[in-house]
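*Asks:*
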Amino acid sequence: MRNRFTLTSVLFLLVSIASFAQTSRTVFGKPVNSINPSNGLVRCVSSEYEQSLQEKISGRATEAEFEAWIAPKIEEAKQRMASGKSVNVVVTIPVVVHVIHNGDAVGTSENISDARVLSQITVLNNDFRRVFGTPGYNTNAVGADVEVQFCMAQQKPDGTATNGIDRVNLGLAQWATESSIETNLKPNTIWDPTQYFNIWVCQFSSNSSAEMYGILGYAQFPDNSGLGGLNPIGGGATTDGVIIDWRCFGSADYAPGSYYTDYDKGRTATHEIGHFFGLRHIWGDNSSCTVNATDSAKDYCPDTPAASTENYYCDTVVNSCALAAGNDMVENYMDYTNDICMNIFTLNQKARMLAVLQNSPRRSTLTTSNKCAALSADSFDKLQGMNLYPNPAQTFVTIGTQGDLPSSYEVFNTLGQIVAKKVIASDADLTIPTSEFSNGVYFVKVTVGSAQKTLRFMKN
1 MRNRFTLTSV
11 LFLLVSIASF
21 AQTSRTVFGK
31 PVNSINPSNG
41 LVRCVSSEYE
51 QSLQEKISGR
61 ATEAEFEAWI
71 APKIEEAKQR
81 MASGKSVNVV
91 VTIPVVVHVI
101 HNGDAVGTSE
111 NISDARVLSQ
121 ITVLNNDFRR
131 VFGTPGYNTN
141 AVGADVEVQF
151 CMAQQKPDGT
161 ATNGIDRVNL
171 GLAQWATESS
181 IETNLKPNTI
191 WDPTQYFNIW
201 VCQFSSNSSA
211 EMYGILGYAQ
221 FPDNSGLGGL
231 NPIGGGATTD
241 GVIIDWRCFG
251 SADYAPGSYY
261 TDYDKGRTAT
271 HEIGHFFGLR
281 HIWGDNSSCT
291 VNATDSAKDY
301 CPDTPAASTE
311 NYYCDTVVNS
321 CALAAGNDMV
331 ENYMDYTNDI
341 CMNIFTLNQK
351 ARMLAVLQNS
361 PRRSTLTTSN
371 KCAALSADSF
381 DKLQGMNLYP
391 NPAQTFVTIG
401 TQGDLPSSYE
411 VFNTLGQIVA
421 KKVIASDADL
431 TIPTSEFSNG
441 VYFVKVTVGS
451 AQKTLRFMKN
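Laid out in C-alpha cells, this is it:
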C-alpha cells in the first residue's frame with residue numbers, strides 16, 4: 001500500500017510540474033494568458049504584446065486613454081451606419097505579405113506558395129465582407145459586412161512592380177525569440193506602414209522551451225493620434241502589422257497543404273487583423289461578467305454577449321456568464337475557437353474598426369493608398385533610379401533622380417504626420433533640411449507628374 005501511494009504521489013507531482021511548466025510560460029516578458037489545453041498551441045499573444053509595447057514605448061496610450069479617445073469616434077461611426085451614410089462605402093487595403101524563409105524552394109515549408117498566400121486574401125475578403133455562400137457568411141441579426149476588403153499591392157516602395165508577395169531569405173528556418181522578430185525580422189523587411197498593410201509569414205520555433213513555441217500569431221494594436229490632450233504615440237512604426245506562423249496561414253479549402261490541425265481555414269489572420277483594426281477579445285482578457293452600456297469591462301462591443309473566458313471548442317450553447325443575456329459568441333472571429341467554427345464580426349465591432357480606420361495613424365492612410373494600382377510604363381520610367389542620400393542623414397537628405405524633375409515632396413514621420421513638404425521648382429529644392437527633425441525613421445513621398453514614389457531614410 002505504501003509503495004502504491006508513493007508511486008501515485010510521484011505521478012501526481014510529475015503531472016503537476018508539467019502543467020505548471022505549460023501554464024507559466026512567458027512571451028514578451030509577460031505570462032501567456034491562454035494555452036489550448038488539447039494541443040498546447042497559443043492562439044494569439046496580441047494582448048501580451050501590447051502590454052510589452054506600453055512599457056517599451058514612451059507615451060504609448062494605456063487602454064483607458066485609447067478607449068477615451070476612440071469612444072466618440074465609434075459613436076460617430078454608429079450614427080453613420082444607422083443613417084445609411086456609410087453603406088456601400090467599401091474601403092480597400094493594400095497588402096504586402098512578407099514570406100520569411102531560409103532558402104527553401106517556393107512552396108516548401110515556410111516558403112509557402114503564391115496560391116497559399118492568395119487563399120488567405122480570399123478568406124479575408126469573404127470574412128470581412130460576409131460573402132454569401134462562403135464560410136464567412138452568417139445569418140445572425142447582428143452580423144456585419146464590415147465593408148473592408150484587401151488587395152495585393154502592385155507597386156513596391158521603390159516604384160517598381162510587384163505581385164504583393166515579398167520573399168525574403170533571412171537565413172533562419174525558425175524564429176525563437178521576441179528580440180529576433182522585433183529587432184531583426186520586422187524592421188529589416190517592413191514596407192512603408194502608412195501605405196501598405198504589412199503581414200509577415202514565418203515559422204515560430206518548434207522547440208518547446210523557446211519563447212515563441214506554439215504561437216499562431218499576433219498583431220500590433222493601433223495607436224491614438226495624440227489629439228484631445230493625449231500624448232502622441234512614439235515608435236512602433238517599424239514593427240506595425242501582423243505576423244503569423246505559416247502552418248496556420250492560408251486555407252486548405254483553396255490551397256491544400258500542411259497546416260496545424262483545426263487551424264487550416266485562414267481564421268488566424270482574420271482574428272489578428274481584427275486586433276490590428278482595434279478589436280479586443282470578446283471576453284476582454286478577464287473573468288468578469290459585468291455588463292454595462294459600453295461593455296467597458298469586456299470588449300467595448302455590447303452586441304457580443306458577455307463571456308468570462310476564451311472558448312476553444314464550437315459549443316454554441318456554452319454560457320460562461322449565466323446571469324448575462326445570451327450564450328458565448330463562440331463563432332466570433334475574436335474568440336479562440338477552431339477555424340471552422342468562426343463566421344462573424346458584429347455591427348458594434350464593425351463600427352469600432354471603421355472608427356480606427358478613419359482616425360488612427362498608419363490605419364487612416366491605408367484607406368487612401370494607391371498601392372494596388374499597377375504602374376503605367378510612363379510612370380515606371382519616371383521613377384526609375386530615384387533615391388535618397390546620404391542615408392542615414394544628419395542635417396539634410398537629398399532626392400536623387402535620373403529623370404524628370406519631381407513636382408513636389410512630402411515628408412512623413414512614423415505616425416503618418418506630414419513634417420515637411422515643398423513644391424519643387426529647381427534642383428536646389430531636392431535637398432531637404434533635416435536638422436530640426438527628431439532622430440528616427442521618416443518617409444518621403446515624391447511626386448513626378450501623376451506618379452509617386454515613397455522612400456525611407458533614417459535621421460541620426
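With the first letter of the sequence shown counted as 1, position 221 gets the number 221 in our numbering; the numbers rise by one all the way through.
Just so it is clear, CB atoms sit at the ideal spot from N, CA and C, and this is done for glycine as well.
Give me the residue from P305, P94, T454 and C151 with the minimum Cα distance to I464.
*Replies:* Lying outside 1 to 460, the shown extent of the chain, residue 464 is not represented and no answer is given.
*Asks:* Kindly indicate the opening and closing residues of the alpha helix (DSSP H) around K56.
*Replies:* Unbroken alpha helix (DSSP H) run through K56: S46 to K56.
*Asks:* Nearest to D430 by CA position, among E410, S438 and Q417, is which residue?
*Replies:* The question names Asp, yet the displayed sequence has Leu at residue 430. Of the candidates E410, S438 and Q417, the one whose C-alpha sits nearest the C-alpha of L430 is E410.
*Asks:* Give me, in chain order, the residues of the same chain whose beta-carbon lies closer than 7 Å to that of F191; leave out the 5 immediate sequence neighbours on both sides.
*Replies:* Per the sequence presented here, residue 191 reads as Trp, with Phe not at that position. Counting only Cβ-Cβ distances below 7 Å, and skipping sequence neighbours, we find V96, P157 and N198.
*Asks:* Do P361 and D223 come within 7 Å of each other at the CB atom, strictly closer than that value?
*Replies:* In this structure, P361 lies closer than 7 Å to D223 by Cβ.
*Asks:* Excluding the five sequence neighbours on either side, which residues of its own chain have a C-beta within less than 7 Å of the C-beta of H101, listed in chain order?
*Replies:* Same-chain partners within the cutoff: E110, N111, R167 and N169.
*Asks:* On the CB-based measure, 16 or more other CB atoms within 10 Å of its CB, does V122 come out buried or exposed?
*Replies:* Residue identity check: residue 122 is Thr in the sequence provided, not Val. It counts as buried.
*Asks:* What are the start and end residues of the alpha helix (DSSP H) that includes D114?
*Replies:* Start and end: D114 to R129.
*Asks:* Should S389 go down as buried or exposed, given a rule of 16 or more other Cβ atoms within 10 Å for buried?
*Replies:* Inspection of the sequence shows that residue 389 is occupied by Tyr rather than by Ser. Classification for Y389: exposed.
*Asks:* Taking the alpha-carbon positions, what's the N163 to D315 distance?
*Replies:* Near 40 Å, if we compare the C-alpha coordinates of D315 and N163.
*Asks:* Can you tell me whether A144 is buried or exposed, with buried defined as 16 or more other CB within 10 angstroms of its CB?
*Replies:* By the neighbour-count rule (16 or more Cβ atoms within 10 Å), A144 is buried.
*Asks:* Alpha carbon to alpha carbon, how far is K371 from P37?
*Replies:* In a straight line, the C-alpha of K371 is about 42 Å away from that of P37.
*Asks:* Would you mind stating whether Y313 and Y336 have Cβ atoms separated by less than 7 Å?
*Replies:* No; because the gap between Cβ atoms is not below 7 Å, this pair is not in contact.
*Asks:* Among T194, S119 and P256, which one has its Cα closest to the Cα of A237?
*Replies:* The shortest Cα separation from A237 among T194, S119 and P256 belongs to T194.
*Asks:* Here's the rule: buried if 16 or more other CB atoms are within 10 angstroms of the residue's CB, otherwise exposed. What is Q203?
*Replies:* Buried: at least 16 other Cβ atoms inside 10 Å.
*Asks:* May I have the straight-line CA-CA distance separating N303 from G136, to the nearest angstrom?
*Replies:* Looking at the sequence shown, residue 303 is not Asn but Asp. C-alpha separation (whole angstroms): 18 Å.
*Asks:* Check for me: the beta strand (DSSP E) holding P458 runs from which residue to which?
*Replies:* The sequence given here has Met at residue 458, not Pro. It spans A451 to K459 - the beta strand (DSSP E) in which M458 sits, taken as one unbroken run.
*Asks:* Using the three-state DSSP reduction, which class does G400 fall into: helix, strand or coil?
*Replies:* In the structure shown, G400 sits in a strand (DSSP, three-state: E or B).
*Asks:* Hey, would you say V146 sits closer than 7 Å to K350, going by beta carbons?
*Replies:* Closer than 7 Å, so yes.
*Asks:* Should F28 and S46 be called a contact, given that it needs their Cβ atoms to be closer than 7 Å?
*Replies:* Their beta carbons are not under 7 Å apart, which means F28 does not touch S46 by this criterion.
*Asks:* Are the Cβ atoms of S308 and S320 separated by less than 7 Å?
*Replies:* Yes, the Cβ-Cβ distance between S308 and S320 is below 7 Å.
*Asks:* In terms of residues, what are the limits of the alpha helix (DSSP H) holding A351?
*Replies:* That run of the alpha helix (DSSP H) goes L347 to N359.
*Asks:* Between which two residues does the alpha helix (DSSP H) carrying M152 extend?
*Replies:* Looking at the DSSP string, M152 is not in any alpha helix (DSSP H); the run it does join, the beta strand (DSSP E), is V148 to M152.
*Asks:* Quick one, which of K78, T434 and N413 has its alpha-carbon nearest F396's?
*Replies:* When each option's Cα is compared against that of F396, the closest is T434.
*Asks:* Does P513 come out as helix, strand or coil in the three-state DSSP assignment?
*Replies:* Given a span of 1 to 460 for the chain in the structure shown, any question on residue 513 remains unanswerable.
*Asks:* To which residues does DSSP link E410 through a beta bridge?
*Replies:* K421 and K445.
*Asks:* What separation, rounded to the nearest whole angstrom, lies between the Cα atoms of S119 and Y300?
*Replies:* Roughly 31 Å separates the two Cα atoms.
*Asks:* Which partner residues does N332 have in the DSSP bridge list?
*Replies:* BP columns for N332 point to I344.
*Asks:* Between which two residues does the beta strand (DSSP E) holding A77 run?
*Replies:* Not the beta strand (DSSP E): A77 falls in the alpha helix (DSSP H), residues E63 to S83.
*Asks:* Between the Cα of G30 and those of G40, Q54 and L41, spot the shortest distance and give me the residue it belongs to.
*Replies:* This sequence places Lys at residue 30; Gly is not what is there. Selected option, being the one with the closest Cα: Q54.
*Asks:* Is H271 helix, strand or coil when you go by DSSP?
*Replies:* Three-state result, H271: helix.
*Asks:* Consult DSSP for G440 and reduce its assignment to one of helix, strand or coil.
*Replies:* Strand, per DSSP.
*Asks:* Confirm, please, whether the CB-CB distance from M342 to F277 is below 7 Å.
*Replies:* Their beta carbons are not under 7 Å apart, which means F277 does not touch M342 by this criterion.
*Asks:* Decide if the region 440–460 is in contact with the region 178–185; the criterion is three or more beta carbon pairs, one per stretch, under 8 Å apart.
*Replies:* The region 440–460 vs the region 178–185: no contact.
*Asks:* So for F277, helix, strand or coil by DSSP?
*Replies:* The answer is coil: DSSP assigns F277 none of H, G, I, E or B.
*Asks:* Just curious, the beta strand (DSSP E) that T431 is in, first and last residue?
*Replies:* Its beta strand (DSSP E) spans residues T431 to P433.
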